[in-house]
Structure formats: C-alpha cells, structure tokens
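Student: Residue 273 in our numbering sits at position 273 of the sequence shown; the count goes up by one each step and never skips.
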Amino acid sequence: MAQSNRDGFTSTFGALVATLGSAVGLGNIWKFPSLTGSNGGAGFLVVYLLATLLVGLPVMIAECMLGRSARADAVTSFERLAPKGQGGWKVIGWMGFAAALLIMAFYSEVAGWVYAYIFKAISGSIATTDPKVAGVAFGELVSNPWASLFWQWVVLGLTGFIIAFGVSKGIEAVTRRLMPVLFALLILLCIRSLTLSGAGQGLSFLFMPDFAKVTPAVILTALGLAFFKLSLGMGTMLTYGSYFRPEQNIPATAARVMLADLSVSLLAGIAIFPAVFAFGFEPAAGPSLVFMTIPAVFTSMPGGVIFMTAFFVLTAIASVGAILSLLEVPVAVLSERFHLPRKGAAIATIGLIGLLGVPAALSQGTMAEVKLFGLTAFDLFDFLSSNILLPLGGILICLFVGWVYGLAGPERQMAETGTPMNRLTIRTAFFLVRYVAPLAIAVVLLNGLKLF
Ligand code: PHE
1 MAQSNRDGFT STFGALVATL GSAVGLGNIW KFPSLTGSNG GAGFLVVYLL
51 ATLLVGLPVM IAECMLGRSA RADAVTSFER LAPKGQGGWK VIGWMGFAAA
101 LLIMAFYSEV AGWVYAYIFK AISGSIATTD PKVAGVAFGE LVSNPWASLF
151 WQWVVLGLTG FIIAFGVSKG IEAVTRRLMP VLFALLILLC IRSLTLSGAG
201 QGLSFLFMPD FAKVTPAVIL TALGLAFFKL SLGMGTMLTY GSYFRPEQNI
251 PATAARVMLA DLSVSLLAGI AIFPAVFAFG FEPAAGPSLV FMTIPAVFTS
301 MPGGVIFMTA FFVLTAIASV GAILSLLEVP VAVLSERFHL PRKGAAIATI
351 GLIGLLGVPA ALSQGTMAEV KLFGLTAFDL FDFLSSNILL PLGGILICLF
401 VGWVYGLAGP ERQMAETGTP MNRLTIRTAF FLVRYVAPLA IAVVLLNGLK
451 LF
C-alpha cells in the first residue's frame, strides 16, 4: 500500500525530532502558563497531567499507528483503513483540516507577537519589572491593527515558504538542533525566577492544588490543552505517522515526546509563576501573561537584554516546528487528494489562514467589541478548536481504532520492532483507547459544555 514516491522522514531520529518539534511550541511557553494562571493553578495542572497520561499518550500512539498503516493524508487515511461502506470516517480528517485553519488563525498572531518582541527586546523597550509599564507595551502592540497584521503575515510568509519545500528538506531540516538551546535558556530563567524574593508563593500556586477551583469547565480546558499540547485529535500526528519509517518504535517515540513536552511546559511554569508573585503581576492575566513576566525576569538579571532577545528568538523558532505540523495537515490533503503541486497547496492553505487570521489579529484592538457567544474571534477560534474540535476528533479516533480498526493492525506493526514490553504497552494503550479515553472525553466534553 505504501507509495514509494511519497516524501517522508529520512531517519527515526529525524522523525522523533520533528514530532517533538510539533508538540513543543507556543503551547508550552504561552498557552500552558496562561491557562494554568487563569484556571487556578495546581488543580488545573493535576487534571492536565491525568489527561496527558490517560488520554493524550494512548491517542498519540493510535494516531501515529493509523498514519503509518495508511501512508496517506488525514482524510484519505480513514478512507483507506475503514471497512468497505464506512468511508464516512473520513469526516475526522476534514474536522482536522478545519481545526488546523482555526488554530493557525490565532496561533500565527501569537507567533507574530513573539517576533515583534524580539525587536522590542533588542531595543530595550520591554526591559521592565513594573506590571503597568509591561502592560502598556503589550497593549500597544496587540491593539495596533497594522502591526498585528504585519507580524502575522511575516509568520505566515516564512512558514509557508518552508512548508513548500516538503517533509525531509523543509520540516526535518529546520526542527533539528534548536531544542537543547531553548531548554538551557528556560533552566536559566527558572534559576533566576526561583531566587527572587517571594518566589515561594508562585511555587505553591503551581504545585499545591486547591480542588475547589476545579470545575467542569476547568477540566474541559485541561483536556483541550492536553490535545493541543501533543498536537492530537486533528490528524497532525496521523500525518506525521504516515511519514515514519517502518522501524520507528511508535510507543517509545510517543512517550519520549510526551515527557520532553511536559518538561518544557513545567520549566516555563517554574520560570513564570514565582516571578508573577514576586513582581505583583496578575496570574489570571490570560494571553498577555508570558509577554509581561518573562521580560521582567530577564530584566532583573545581568545581561538581561541579550538573554531576553535569545529567548524570544528561540521561542519564535520553536513555534515554527509546531506551525509546520499544523500546516502539513491541509497541505497534505490538498496535494495528495486534489493532486495540487505542493507549492500550490501551501499557497492555498496560507491564503485561507490569512483570511481567517484577519479577525483574530484585530481581536485585541479594532474588533475587540465584535463578539460571538461572548467571545472575540481570537478566543472563539481557540475555544472551538481546543475545547470542541480536538476532543471530538479524539473521541472519533479512539472509536475508530478501538472498535473498527482493532488490535490486529497495531500488533502486526509492533512485530517489526516488538519486544515483550512493547506488546504489553500496545495492549495497555489499546485498552485505554477502546474504553477509557472515549468515555472520559465524552463525559468531560458534555459536562464542560454544560450539555449534561
Ligand atoms: N502542540 C503545539 C504547541 O503546543 C500546537 C499544535 C496543536 C500543533 C495542534 C499541531 C497541532 O504549540
């Protein structure tokens, strides 16, 4: 079934790095801290950890397996693997297509803020530990329509250009090497943040759970974050799995990616929350939290401007790996199903995102009052994708693997790299995917949306 002319990752290590590059991104450095801050801290973190282990990891294994079996884009994969007459499962792929565009519409904007902050860091204009000054600097950027659109287009132009080059030359080449440097800078930030006076309050906010704050809506947000973080429920991991080589050990790859991703998020949390309390920032500030506290931590240490600049450069680079994997879903569908040349598919995808991106970019300024269900376009796209489409996609993927595709396929795949440990892992993952994950997601989704 494999098509020999299909592009793919050139080595198992390259595939691991690209998969990690998809998972690690603004989700760790921007979304994880801001959601943890606005959802009460440690209680949210506990639910997020449970969701990652019991739902995220098994779904990730399932998605990669499906992709490697089908060797096709997210829509075609379900068509190929479903039994005759059940082609309807391909709706999962189309939902993923829609989710990719929605996520990109706001993700490209946040990435744009990061790019803009590189220059603000160099100029010294954000070197402050004063919450008021930091708030004004952030507000000026995001409420300015031209600056917002400009930076969003810089991001779209750059990543569109890279994605047009394909999997091995584009994605794999760019996402190698940079993770360790980001890691090192985060550790440096943590050390500085932890040695600020008053750091303890931030640590207890992050690690001492108050379960009274854990409402059904908070649980849904934590579950949505688990999907978003590991790039699940929308065909990204399936598409990347389709580029894996036969000898890639999928459970081991998934477990490594999950652990590394979690470490980056926790480091970001430890870098940010002590500083939030030490400098008197508001933990529930939302999307602006990182853009205010990170500069404050750097400002309070020697050589701050240099490290601050390096930090935003690396965050911008980390966002590229995630964006490429988001773009890859629609690009693969358009080029494989509709036989568009890869460059044409990239241009079409970027064009669609550019259109959807306008209201998201203007959400903090010109269009701040334009709301649907009480949410700006930016928040609405985020809510629709993370809290609805990804969990729903997750349930459908679990049902498909657990009840339609079955255990035989994954076990056959394991035979190629299989050790007894692997077989046990795959059976455990299968059990979680068949029973635990779909039920848990359904209950959380219905409760969180108050439909239950
Ligand atoms: N996981 C990425 C991040 O945390 C975002 C992402 C979501 C990427 C869904 C692909 C698919 O930044």
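Each residue gets a CB set at the ideal place from its N, CA and C atoms; glycine is no exception.
1) Compute the minimum distance between the beta carbon of F383 and the heavy atoms of ligand 1, and state whether it is under 6 Å.
2) Among A377, A440, I353, T376, which residue has its Cα nearest to the Cα of I395?
3) One question on the structure: do Y405 and L57 come within less than 7 Å of each other, judged by their Cβ atoms?
4) Please name the residue, chosen from W89, L267, A74, G365, that lies closest to R337 on a Cα-to-Cα basis.
5) Taking only the alpha-carbon atoms, compute the straight-line gap between T12 and R71 and give it to the nearest angstrom.
6) Check whether the stretch 420-436 touches the stretch 42-51, counting contact only when three or more Cβ pairs, one atom from each stretch, lie closer than 8 Å.
7) For K229, verify whether its CB is less than 6 Å away from any heavy atom of ligand 1.
8) Suppose contacts are defined by Cβ-Cβ distances below 7 Å. Is A199 in contact with A278 by that definition?
9) Suppose the cutoff is 7 Å on Cβ atoms and the five residues either side in sequence are ignored; what does the same chain contact list for V313 look like?
10) Say yes only if the C-beta of G198 is nearer than 6 Å to one or more non-hydrogen atoms of ligand 1, and no if none qualify.
11) What residue does the alpha helix (DSSP H) around G93 start on, and which one ends it?
12) Can you find the residues in the same chain that come closer than 7 Å, C-beta to C-beta, to V329, ignoring five residues on each side of it along the sequence?
13) Provide the residue span of the alpha helix (DSSP H) that contains N447, from first to last.
14) With a threshold of 6 Å, establish whether the CB of G467 neighbours any heavy atom of ligand 1.
15) Please confirm whether any heavy atom of ligand 1 lies closer than 6 Å to the CB of S325.
16) DSSP state of L196, grouped into three classes?
17) Taking buried to mean at least 16 other C-beta atoms within 10 Å of its own C-beta, is T195 buried or exposed?
18) Is it the case that the stretch 126-142 contacts the stretch 293-302, given that we only count it when at least three CB pairs across the two stretches are under 8 Å?
19) Assuming L26 contacts A111 under a Cβ cut-off of 8 Å, what Cβ separation, rounded to an integer in Å, is found between them?
20) Measuring from the CB of A23, is there a heavy atom of ligand 1 at a distance below 6 Å?
21) How many angstroms separate the CA atom of M1 from the CA atom of S69?
22) Using 10 angstroms around the beta-carbon of A408, count the other beta-carbons present and answer buried if the total reaches 16, otherwise exposed.
23) Ligand 1 heavy atoms versus the CB of L238: any closer than 6 Å?
24) Across the stretch 363-375 and the stretch 130-145, are there enough close Cβ pairs to call them in contact, namely three or more that are closer than 8 Å?
25) Is the beta carbon of M60 less than 7 Å from the beta carbon of A254?
26) Touching or not, the stretch 209-217 and the stretch 285-294, by the rule of three or more beta carbon pairs under 8 Å?
27) Check F380 in the structure and name its three-state DSSP category.
28) Can you find the residues in the same chain that come closer than 7 Å, C-beta to C-beta, to V436, ignoring five residues on each side of it along the sequence?
29) What is the residue span of the alpha helix (DSSP H) that V214 lies within?
30) Work out the CA separation of W153 and V305 for me, nearest whole Å.
31) Considering just the uninterrupted stretch of the alpha helix (DSSP H) at F273, what are its terminal residues?
32) Got a sec: does ligand 1 put a non-hydrogen atom nearer than 6 Å to the Cβ of A98?
33) Buried or exposed: where does F9 fall if 16 or more other Cβ atoms within 10 Å of its Cβ makes it buried?
34) Since L225 and F373 should fall inside the 8 Å C-beta cutoff, what is the C-beta to C-beta distance between them, to a whole number of angstroms?
35) Taking the straight line between their C-alpha atoms, what separation do you get for Y531 and A15?
36) With a 10 Å radius around its C-beta and 16 neighbouring C-beta atoms as the bar for buried, classify W403 as buried or exposed.
Tutor: Put simply:
1) No, ligand 1 has no heavy atom inside 6 Å of this Cβ.
2) With distances taken between Cα atoms, I395 lies closest to A440.
3) With a cutoff of 7 Å on beta-carbon distance, Y405 and L57 are scored as not near each other.
4) Taking each of W89, L267, A74, G365 in turn and checking the Cα distance to R337, the smallest one comes out for A74.
5) Each residue's Cα considered, the two are about 16 Å apart.
6) Contact check between the stretch 420-436 and the stretch 42-51: fewer than three CB pairs, one atom from each, fall below 8 Å, which does not count as touching.
7) Because some heavy atom of ligand 1 lies under 6 Å away, the Cβ of K229 counts as near it: yes.
8) The answer is yes: Cβ separation under 7 Å.
9) Around V313: I118.
10) No.
11) Run containing G93: 91-123, per the alpha helix (DSSP H) assignment.
12) The answer, listed in chain order, is A74, G96, F97, A100, M234, G235, T236, T239.
13) Per DSSP, N447 belongs to the alpha helix (DSSP H) from 437-448.
14) This structure cannot settle anything about residue 467, because the visible part of the chain is limited to 1 through 452.
15) At least one heavy atom of ligand 1 lies closer than 6 Å to the C-beta of S325.
16) It is coil, neither helix nor strand.
17) Its Cβ having fewer than 16 others within 10 Å, T195 is exposed.
18) Enough Cβ pairs lie closer than 8 Å, so yes.
19) About 6 Å separates the two Cβ atoms, so the contact holds.
20) The answer is yes for A23.
21) Here M1 scores only 40 on pLDDT, less than 50, and its place in the model should not be relied on; the value that follows carries that caveat. The alpha-carbon atoms of M1 and S69 are separated by roughly 8 Å.
22) By the C-beta density criterion, A408 is exposed, having fewer than 16 other C-beta atoms within 10 angstroms.
23) L238 Cβ: outside cutoff for every heavy atom of ligand 1.
24) Short answer: they touch.
25) Result yes, Cβ atoms of M60 and A254 sit closer than 7 Å.
26) The stretch 209-217 is not in contact with the stretch 285-294.
27) It should be pointed out that residue 380 corresponds to Leu in this sequence rather than to Phe. In the three-state reduction of the DSSP assignment, L380 falls in the helix class.
28) Short of 7 Å from the beta carbon of V436, and not among the five residues preceding or following it, lie these beta carbons of its own chain, in chain order: L54.
29) Neither: V214 is in no alpha helix (DSSP H) and is coded neither H nor E.
30) Cα to Cα, V305 sits roughly 26 Å from W153.
31) 250-279 is the span of the alpha helix (DSSP H), which, as asked, contains F273.
32) No, the Cβ of A98 stays beyond 6 Å of every heavy atom of ligand 1.
33) Buried is the label assigned to F9, since at least 16 other Cβ atoms lie within 10 Å of its Cβ.
34) Contact flag wrong, Cβ pair sits at about 20 Å.
35) Here the chain has residues from 1 to 452 only, and residue 531 is not among them.
36) That one is exposed.
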